[in-house]
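Have a look at the structure below, then the notes.
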Amino acid sequence: MRFLPALTALSLTTLGIVAVAPPAVAGGGTTVSGPTATGSGGAIATVDATATAVGLEVLRNGGNAVDAAVAAAATLGVVEPFSAGIGGGGFFVYYDAKRKKVSTIDGRETAPASATESLFIDPADGLPYDFQEARVSGLSVGAPGTLATWESAVRNWGTRSLGSLLQPAARVAERGFPVDATFRQHVTDNVAAFSQFDATRELYLPGGAPPAVGSTQRNPDLAATYRLIAAKGTGAFYRGDIGADLIATVQHPPVADDPAVPWAYPIRPGGLTRSDLAGYRVRTPEPTKSDFRGLTVYSANTPSSGGIAVEEALNIIEAGLPSGATDTEKLHYYLEASALAFADRNRYVGANTDPALVKQLISDRWAKTRACRVDPGKALTKPVPPGALNGSGCAAATVGGPSEQGQSTTNLTVADRWGNVVEYTFTLEQTGGNAMVVPGRGFVLNNELTDFNFTGTQGDAPDPNLPAAGKRPRSSISPTIVFRDGKPYLAVGTPGGASIITTVLQILVNRLVRGMTLPEAMAAPRGSQRNTAGIQAEPAFRTQYGPGLTALGHEFGADVAELGAATAIEFTRGGGFIASAEPVRRGGGTAAVVRPAQN
Numbered sequence: 031m032r033f034l035p036a037l038t039a040l041s042l043t044t045l046g047i048v049a050v051a052p053p054a055v056a057g058g059g060t061t062v063s064g065p066t067a068t069g070s071g072g073a074i075a076t077v078d079a080t081a082t083a084v085g086l087e088v089l090r091n092g093g094n095a096v097d098a099a100v101a102a103a104a105t106l107g108v109v110e111p112f113s114a115g116i117g118g119g120g121f122f123v124y125y126d127a128k129r130k131k132v133s134t135i136d137g138r139e140t141a142p143a144s145a146t147e148s149l150f151i152d153p154a155d156g157l158p159y160d161f162q163e164a165r166v167s168g169l170s171v172g173a174p175g176t177l178a179t180w181e182s183a184v185r186n187w188g189t190r191s192l193g194s195l196l197q198p199a200a201r202v203a204e205r206g207f208p209v210d211a212t213f214r215q216h217v218t219d220n221v222a223a224f225s226q227f228d229a230t231r232e233l234y235l236p237g238g239a240p241p242a243v244g245s246t247q248r249n250p251d252l253a254a255t256y257r258l259i260a261a262k263g264t265g266a267f268y269r270g271d272i273g274a275d276l277i278a279t280v281q282h283p284p285v286a287d288d289p290a291v292p293w294a295y296p297i298r299p300g301g302l303t304r305s306d307l308a309g310y311r312v313r314t315p316e317p318t319k320s321d322f323r324g325l326t327v328y329s330a331n332t333p334s335s336g337g338i339a340v341e342e343a344l345n346i347i348e349a350g351l352p353s354g355a356t357d358t359e360k361l362h363y364y365l366e367a368s369a370l371a372f373a374d375r376n377r378y379v380g381a382n383t384d385p386a387l388v389k390q391l392i393s394d395r396w397a398k399t400r401a402c403r404v405d406p407g408k409a410l411t412k413p414v415p416p417g418a419l420n421g422s423g424c425a426a427a428t429v430g431g432p433s434e435q436g437q438s439t440t441n442l443t444v445a446d447r448w449g450n451v452v453e454y455t456f457t458l459e460q461t462g463g464n465a466m467v468v469p470g471r472g473f474v475l476n477n478e479l480t481d482f483n484f485t486g487t488q489g490d491a492p493d494p495n496l497p498a499a500g501k502r503p504r505s506s507i508s509p510t511i512v513f514r515d516g517k518p519y520l521a522v523g524t525p526g527g528a529s530i531i532t533t534v535l536q537i538l539v540n541r542l543v544r545g546m547t548l549p550e551a552m553a554a555p556r557g558s559q560r561n562t563a564g565i566q567a568e569p570a571f572r573t574q575y576g577p578g579l580t581a582l583g584h585e586f587g588a589d590v591a592e593l594g595a596a597t598a599i600e601f602t603r604g605g606g607f608i609a610s611a612e613p614v615r616r617g618g619g620t621a622a623v624v625r626p627a628q629n
């Protein structure tokens, strides 16, 4: 998200980070990287220049991909505090080159033991809460999984201690970093919510207003929190004093006596307990796995729907796209496959989806029953129904449901000189989470439980994504690693709420079907069809592709400024890397390699 084009060796030293060898020199300063970097020895791409520099330094000093990913992620918790941090959760996909194995960590937030299907139903009238009433409350907070994810990854695959990997982020939090336009905009978008809580407004609304671009943002409380965890371990968070403060914030929201901006709703307490927090455990499900045009695709499994939907859509494209298709026809199939996959995802996928059903949804056989619904010359009427699990031919079921629309989250991609790969997406859910900074601890809490459906969406059929005790809400996170001939070929992930699925899918289609280079695939304008009447699109997508797609019957909804903020790495022959981040979206991202290629 944050792009510091003039991040120099001097400024890195100021942040407590050892300066890295520069790929280029501009204006007398040493730039760490831009949105694309090519070379060898290891690679990293994140949404922020400081986080990329931290991860790169770990790689340069002999750390592996897991070490670099955790150090960079901890730094993103400082500089991207409204999208991710230790108050949230996520999904970590790792390829171990020595064992030739893909593993995943499900660090998704978990509902408290007290949660029921009526978690977000107002007992006064029996109606679901408005989204903002549910979000800015203790009700929305799930037990965070981010720290447990870092601990598990480092313990199983890393070479450094978690404590050492938290230190660079602690220095950034203590010494500060320059505020950019995106950071300020995120605060501006949350002024009303942030104003309700003393700790939040003291940190992010200095003098009652968002911080000025170019000012220095410090977070000494978060620095102290990181250092306490480094010294005492994650038990300080899950079972100790940090956790006690977290639970107190959830159960007794620290509402300001004099909020500067009125809030339309009561701020409700939540039911998360110290027992819920102490009992949190990561899961390690097998990744989803499917084939596409001779490539093998791995991603995160339930409770994320991302890997399932991306892989189903790729299979539909493979099954139906005619050879010799024009570029418009390729985009037509991308959009139709997205709608069909979303119909199935909304109907069948939740935290407790049977693994046999997951395999069915990402099978070639299932894809053929869905691809036969696509007319090469005419768009389907949206929304389309889900497929019938026990049907034949093109049989469809009769129910479906909406998809969530959040746009927050952050992502990073790392590879090391030994061939290990990390694709990691983590989040608070809404930009700004539930708006509560834990007093004295410096981190924002998640509102992840609002990813549950508030009421049933499937008519008389079971809804797979209703709240329940200890359940994890459905996610769209789609950290994906693609293999060619048994070796990593492409790793990609993105933030963006439900549009995560379509953004990852479109980047893969751009690269693997439309023949773009990776930087071109990342920069190309995006459109997202999530089984709704109109395509959500960036203005350039509508301008460039709208005439051809409209002629096929596709409809467009309101434009959106941007979709996603992806990072990716492509693996070239001879052990090289093309690391790629956004050139513009969310302020631009940064990519770097240990040994830059010589032009």
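Heads up, the sequence shown is in this note's numbering, so the first residue is 31 and it goes up one at a time.
Ideal Cβ positions, reconstructed from N, Cα and C, are used throughout, including at glycine.
By the beta-carbon neighbour count (other beta carbons within 10 angstroms, threshold 16), residue 181 is buried.
Under a 10 Å Cβ-count criterion, residue 132 is classified as buried, with 16 or more other Cβ atoms of the shown protein chains found around its own Cβ. Contact between the region 330-340 and the region 148-157 is absent: fewer than 3 CB-CB pairs across the two stretches fall below 8 Å. In the structure shown, residue 116 adopts coil according to DSSP, grouped into three states. Taking residue 383 as the centre and dropping the five residues before and after it, the same chain places the C-beta of 332 and 494 closer than 7 Å to its C-beta, in chain order.
Within a 10 Å sphere around the beta-carbon of residue 111 sit 16 or more other beta-carbons, which makes this residue buried. With a 10 Å radius around the Cβ and a threshold of 16 neighbouring Cβ atoms, residue 247 comes out buried. By the 16-neighbour rule on beta-carbons within 10 angstroms, residue 406 is exposed.
If the five residues before and after residue 476 are omitted, its C-beta is found closer than 8 Å to the C-beta atoms of 117, 118, 119, 139, 170, 171, 172, 174, 457, 458, 459, 463 and 464, all from its own chain and listed in chain order.
A residue is called buried once 16 or more other Cβ atoms fall within 10 Å of its Cβ, and residue 94 is buried on that count.
Beta bridge pairing from DSSP links residue 608 with 68 and 600.
Cβ-Cβ separation between residue 199 and residue 104: approximately 4 Å, consistent with a contact (criterion under 8 Å). Separation of the CB atoms of residue 230 and residue 467 is rounded to 4 Å, and the pair is thereby assigned contact status at 8 Å. Within the same chain, Cβ atoms closer than 8 Å to the Cβ of residue 359 are found at 351, 352 and 406, the five residues on either side in sequence being excluded. Measuring C-alpha to C-alpha distances from residue 371 to each of 346, 357 and 389 identifies 346 as the nearest.
By the criterion of a C-beta distance shorter than 6 Å, residue 611 is surrounded in its chain by 65, 75, 597, 619, 620 and 621, once the five residues flanking it on both sides are discounted.
The shortest C-alpha to C-alpha distance from residue 145 to any of 303, 266, 121 and 197 is the one to 303.
Nearest to residue 326 by C-alpha distance, out of 521, 286 and 390, is 521. Within its own chain, the residues whose Cβ lies closer than 6 Å to the Cβ of residue 484, once the five positions on either side in sequence are excluded, are 150 and 158, listed in chain order.
Per DSSP, residue 210 lies in no beta strand (DSSP E) and is assigned neither H nor E. For residue 328, the enclosing beta strand (DSSP E) covers residues 325-329. The secondary-structure analysis by DSSP pairs residue 520 across a beta bridge with 512 and 600. Contact check for residue 379 against residue 335 passes: the beta carbons are separated by less than 8 Å. In the DSSP assignment, residue 626 falls within the unbroken beta strand (DSSP E) covering 620-626. Beta-bridge analysis with DSSP links residue 440 to 456. Counting along the chain, residue 566 sits inside the beta strand (DSSP E) bounded by residues 565-567. Assigned with DSSP and collapsed to three states, residue 297 falls in coil, not helix or strand. Per DSSP, the unbroken beta strand (DSSP E) holding residue 132 starts and ends at 131-137. Residue range 304-308 is occupied by the alpha helix (DSSP H) that includes residue 305. Each residue's CA atom was taken as its position, placing residue 502 and residue 581 some 42 Å apart. In this structure, DSSP gives residue 124 an extended state, which the three-state scheme calls strand. When 560, 478, 453 and 143 are compared, the shortest CA-CA separation from residue 412 is found for 560.
In this structure, the straight-line span from the alpha carbon of residue 221 to that of residue 245 is close to 18 Å. Annotation: the continuous alpha helix (DSSP H) that includes residue 182 extends over 176-187.
Residue 410 and residue 127 have their C-alpha atoms some 43 Å from each other. Restricting attention to 404, 373, 395 and 451, the CA atom closest to the CA of residue 416 is found in 373.
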